[in-house]
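Engineer: Right, I'll just put the structure down here and ask away after.
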Amino acid sequence: MNVEYSENPEIVSKYLKDESSALLGYAERVYFPKSSPEISEVLKEAANAGVKITASGAGSSVTGARVPRCGGWVLSMEKFRRVSTDSLGGSYAELKGRNASIGISTDARRALVPPGLSLLEISEMLAPLGLVYPPDPTESSAMLGGTAATNASGARTYKYGPTRNWIAGAEIIIPGGEILHLHRKRECINGRRILVPEIGIDTEFPASYPCLDIKNAAGLYLRENMDLIDLFVGCEGILGIFGEIEIKLLAAPKNIFTCVFFFQEADASLDFVDRLIDGTAGVQPLCIEFFDGKSLDFMRSAHPSIPSRQSAALLLEIEYDRPSQHNPYPYPLEIERLAKTAGMSGSSRNWAAVGRDVLKMKAFRHSLPESVNSYVKTRAGKLGTDMAVPRKSFRQFFKACSAAEDCGVKTVCFGHIGNSHLHLNFLPENKEELEKAKAKYLDLAELAVSLGGTISAEHGVGKKTVRSRSGETIPYLELMLGKENMQAIRNIKSAFDPACILNPGNMIC
Ligand SMILES: Cc1cc2nc3c(=O)[nH]c(=O)nc-3n(C[C@H](O)[C@H](O)[C@H](O)COP(=O)(O)OP(=O)(O)OC[C@H]3O[C@@H](n4cnc5c(N)ncnc54)[C@H](O)[C@@H]3O)c2cc1C
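Numbering-wise, the sequence shown is residues 2 to 510 according to my numbering.
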């Protein structure tokens, strides 16, 4: 086999953990394929030798998903940075970047991108063409392949939806080494039957398997008559490896107006969210982001102008047309209507920015995870939720999150409230508090599920486990799916990967 690899312990050690920091894996070697045929070679060799494989993107997963817990080989995507000339054909023009290349379709609506490019690199290559790839998870070092495998989301998912909505096709290399070339609407699942004759797959999922109509990244995506490619998006790498990916593009938004509204009562901020979603405020934001009063207290050292004694803030990004070339602001009537609706909902203070000042608002938003992370460094770590519920149940779930500190552990709560999706971070001081936080976390996960919600809206479940009420350690996903639907995932996994060599430990443990 001619694929580059390393067994140098110093190099291998870089691939043994991810941003979850909770797990440390082990591996014999790391492969660096530069193309889908090279990935195929490694998978064939691994299948022959009975060696486990863990795919690696940028390692920004917060769930242990890219940690090689069962040893074997790591398959790093970092050198797969050029699109092959064969794939470009006549429909794509090659666009070169720093040690990288992608294909841009002749109508500029699609791009063919290798899995090892980061989202930041993709956006830098597209910017001069006035194009964007809309998915925007906060961590822009994440690689396209990693974001496809986790169906990553971000703040602007409110307007644009998750990664799944922006994937038009992909090369998928399955554990036997076969390369599938998947395109939407060409390969569909027939009812609940997954039939891929060229590789001998014929399996089915049960009608009981939940398919949620909210933001969700927990478990396999399974719904009747879906496109086959959707089985792989968000599968956390347990069914196949993403090679080149065909993504959909948009014309870049011309002008973005960012504003932050402060509220003395948290419930008032929820009223404003309702008015934004039902259209009363007269704008269609790209994102609606929430910060509770304790988050604002954390951010105040970096941003002293945050008004005091506020219980909540909402940050909105709004795309707008300029009234004229010389006027950088939105139409005054639009702003007035927005401010009036915020005022009606109880907000008396706000900030607004256009042009370069928008970057200051970005810095404001990013200062929260940074200050929380530096706070927890000297304590017992952080335990963060990633749950979302249907909109009709959101106030009930919000109330439970707001009262979570009653368990005796400090919290901060923020997140993508436009999608009824919050990150409640427990900040325990010591091991005893960590145990209390874990018990409350379990309560909240069960509540989210009972309300028809998800235990993970965007991070995925990776290798997370949880201690159930009966004291048994179970895969985190089982809390939401139950044993029968976990078995449905195991059945599909063994159809594609009978020897269970690919990304062992993810999702089904
Ligand atoms: C500060 C911070 C903020 C974050 N914010 C968000 C957010 O807003 N939204 C969000 O959704 N996530 C967020 N994340 C989580 C993380 O960034 C995403 O899950 C991201 O999609 C992971 O991409 P990666 O390239 O780092 O993948 P990795 O972490 O390397 O891998 C993630 C999973 O994908 C698999 N994988 C990687 N490449 C491939 C491939 N080519 N084929 C098949 N499987 C593959 C890995 O085996 C692993 O299971 C955040 C993380 C951090 C640290």
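From the three backbone atoms N, C-alpha and C, an ideal C-beta is built for every residue, glycine too.
Computed from a prediction, not measured in an experiment: that's the story for all the values here.
Go ahead and label Asp498 buried or exposed: buried means 16 or more other beta carbons lie within 10 angstroms of its beta carbon, across all protein chains shown.
Structural biologist: Here residue 498 refers to the residue found at position 497 of the sequence shown. So Asp498 counts as buried.
Engineer: Is DSSP giving Ser348 helix, strand or coil here?
Structural biologist: Counting from 1 along the sequence shown, the entry for residue 348 is found at position 347. Strand.
Engineer: Name the residue from Ala66, Lys216, Pro69 whose alpha carbon lies nearest to the alpha carbon of Gly454.
Structural biologist: As a working note, residue 454 is residue 453 in the sequence shown. Of the candidates Ala66, Lys216, Pro69, the one whose C-alpha sits nearest the C-alpha of Gly454 is Lys216.
Engineer: Could you check if Asn507 is buried or exposed, using at least 16 other CB atoms within 10 Å of its CB as the buried criterion?
Structural biologist: Locating residue 507 in the sequence shown gives position 506, where the first residue counts as 1. Burial call: buried.
Engineer: With 16 as the cutoff for other CB atoms within 10 Å, does Asn226 come out buried or exposed?
Structural biologist: Numbered from its first residue, the sequence shown carries residue 226 at position 225. It counts as exposed.
Engineer: If you run the structure through DSSP and keep just helix, strand and coil, what is Val84?
Structural biologist: Taking the sequence shown and counting its residues from 1, one reaches residue 84 at position 83. Coil at Val84, not helix or strand.
Engineer: What separation, rounded to the nearest whole angstrom, lies between the Cα atoms of Ile490 and Ile509?
Structural biologist: Along the sequence shown, one-based indexing puts residue 490 at 489. Along the sequence shown, one-based indexing puts residue 509 at 508. Computed Cα separation, rounded: 7 Å.
Engineer: Would you say Thr55 and Asn504 are within 7 Å of each other, going by their C-beta atoms?
Structural biologist: Taking the first residue of the sequence shown as 1, we reach residue 55 at position 54. Taking the first residue of the sequence shown as 1, we reach residue 504 at position 503. Contact flag set, yes.
Engineer: Report all residues from its chain with a CB closer than 8 Å to the CB of Leu452; omit the five preceding and five following residues, and keep chain order.
Structural biologist: Stepping through the sequence shown from its first residue, residue 452 is reached at position 451. Excluding sequence neighbours, Leu452 sits near Val390, Pro391, Ser394, Gln397, Phe398.
Engineer: If you count every other CB in all the chains shown that lies within 10 Å of the CB of Ile200, and 16 or more means buried, which is it?
Structural biologist: Numbered from its first residue, the sequence shown carries residue 200 at position 199. Answer is exposed; the Cβ neighbour count stays below 16.
Engineer: In the DSSP assignment, find the unbroken alpha helix (DSSP H) run with Tyr32 in it and report its ends.
Structural biologist: Here residue 32 refers to the residue found at position 31 when the sequence shown is read from its first residue. That residue, Tyr32, is in no alpha helix (DSSP H); its beta strand (DSSP E) goes 30-32.
Engineer: Could you check whether the Cβ of Pro116 sits closer than 6 Å to any heavy atom belonging to ligand 1?
Structural biologist: Position 115 of the sequence shown, counted from the first residue, corresponds to residue 116. True, at least one ligand heavy atom lies under 6 Å from that Cβ.
Engineer: Would you say the beta carbon of Glu237 is closer than 6 Å to some non-hydrogen atom of ligand 1?
Structural biologist: Mapped onto the sequence shown, residue 237 falls at position 236. Correct: Glu237 has its Cβ closer than 6 Å to ligand 1.
Engineer: Using the Cα positions of Tyr330 and Pro324, report the straight-line distance between them to the nearest angstrom.
Structural biologist: In the sequence shown, residue 330 corresponds to position 329, counting from 1. In the sequence shown, residue 324 corresponds to position 323, counting from 1. Roughly 7 Å separates the two Cα atoms.
Engineer: With distances taken from CA atoms, which of Ile123, Lys15, Leu229 is nearest Gly26?
Structural biologist: As a working mapping, residue 26 is identified with position 25 in the sequence shown. That would be Lys15, whose Cα lies nearest to the Cα of Gly26.
Engineer: For Asp407, which of helix, strand or coil comes out of DSSP?
Structural biologist: As a position in the sequence shown, residue 407 is number 406, starting the count at 1. Helix.
Engineer: Quick check: the region 172-191 against the region 437-450, are at least 3 beta-carbon pairs closer than 8 Å?
Structural biologist: Output reads no: the region 172-191 does not touch the region 437-450.
Engineer: Check whether the region 140-155 and the region 201-221 touch, using three or more Cβ-Cβ pairs below 8 Å as the test.
Structural biologist: yes
Engineer: Could you tell me which residues DSSP puts in a beta bridge with Thr466?
Structural biologist: Here the question's residue 466 lines up with position 465 in the sequence shown. Its beta-bridge partners are Pro476.
Engineer: Bridge partners for Gly416 per DSSP, in chain order?
Structural biologist: As a position in the sequence shown, residue 416 is number 415, starting the count at 1. The partner list for Gly416 (beta bridge, DSSP) reads Phe291, Leu423.
Engineer: With distances taken from CA atoms, which of Phe206, Lys411, Gly91 is nearest Asn486?
Structural biologist: Stepping through the sequence shown from its first residue, residue 486 is reached at position 485. Cα-wise, what sits closest to Asn486 is Phe206.
Engineer: Answer yes or no: do Phe291 and Phe427 have a C-beta to C-beta separation smaller than 7 Å?
Structural biologist: Locating residue 291 in the sequence shown gives position 290, where the first residue counts as 1. Locating residue 427 in the sequence shown gives position 426, where the first residue counts as 1. Contact: no.
Engineer: Starting from Arg187 and walking both ways along the alpha helix (DSSP H), at which residues does that stretch end?
Structural biologist: Within the sequence shown, numbered from 1, the residue matching residue 187 stands at position 186. No alpha helix (DSSP H) holds Arg187; DSSP gives it neither H nor E.
Engineer: Would Asn420 be called buried (16 or more neighbouring beta carbons within 10 Å of its own) or exposed?
Structural biologist: Sequence index remark: in the sequence shown, residue 420 carries index 419 (1-based). Answer is buried; the Cβ neighbour count reaches 16.
Engineer: Kindly indicate the opening and closing residues of the beta strand (DSSP E) around Leu76.
Structural biologist: Counted from its first residue, the sequence shown places residue 76 at position 75. From DSSP, the beta strand (DSSP E) with Leu76 extends over 74-77.
Engineer: Can you tell me where the alpha helix (DSSP H) with Val63 in it begins and where it stops?
Structural biologist: Stepping through the sequence shown from its first residue, residue 63 is reached at position 62. Counting along the chain, Val63 sits inside no alpha helix (DSSP H), nor does DSSP assign it H or E at all.
Engineer: When the Cα of Arg384 is compared with those of Val450, Gly347, Glu20, which residue comes out closest?
Structural biologist: By one-based count along the sequence shown, residue 384 stands at place 383. In the sequence as displayed, the identity of residue 384 is Leu instead of Arg. It is Glu20.
Engineer: Ser1: which of Glu122, Leu132, Leu480 sits nearest, CA to CA?
Structural biologist: Any answer about residue 1 is impossible in this case: the structure gives the chain only from 2 up to 510.
Engineer: Give the straight-line distance between the Cα atoms of Asp407 and Gly146, rounded to the nearest whole angstrom.
Structural biologist: Residue numbering aside, residue 407 sits at position 406 when the sequence shown is read from its first letter. Residue numbering aside, residue 146 sits at position 145 when the sequence shown is read from its first letter. When rounded, the distance between both Cα atoms is 40 Å.
Engineer: From what residue to what residue does the beta strand (DSSP E) around Ser302 run?
Structural biologist: The residue given as residue 302 occupies position 301 in the sequence shown. No beta strand (DSSP E) holds Ser302; DSSP gives it neither H nor E.
Engineer: Is there contact here, the region 242-250 with the region 107-126, by at least three beta-carbon pairs under 8 Å?
Structural biologist: Judged by Cβ distances under 8 Å, the region 242-250 makes contact with the region 107-126, as three or more pairs qualify.
Engineer: So what does Leu181 bridge to, in DSSP terms?
Structural biologist: Counting from one through the sequence shown, the residue named residue 181 turns up at place 180. Ile173, per the DSSP bridge assignment.
Engineer: Taking 6 Å as the cut-off, is the C-beta of Ala28 nearer than that to any heavy atom in ligand 1?
Structural biologist: The count along the sequence shown starts at 1 and reaches residue 28 at position 27. Answer for Ala28: no, Cβ out of range of ligand 1.
Engineer: Using a Cβ cut-off of 7 Å (strictly closer), state whether Ser77 contacts chain D.
Structural biologist: Here there is only one protein chain, and chain D is not present.
Engineer: On the CB-based measure, 16 or more other CB atoms within 10 Å of its CB, does Met2 come out buried or exposed?
Structural biologist: Residue 2 sits at position 1 when you count from the first residue of the sequence shown. Label assigned to Met2: exposed.
Engineer: Could you spell out where the beta strand (DSSP E) holding Val197 opens and where it closes?
Structural biologist: In the sequence shown, the residue the question calls residue 197 occupies position 196. If you look at Val197, you'll find it in the beta strand (DSSP E) that goes 194-197.
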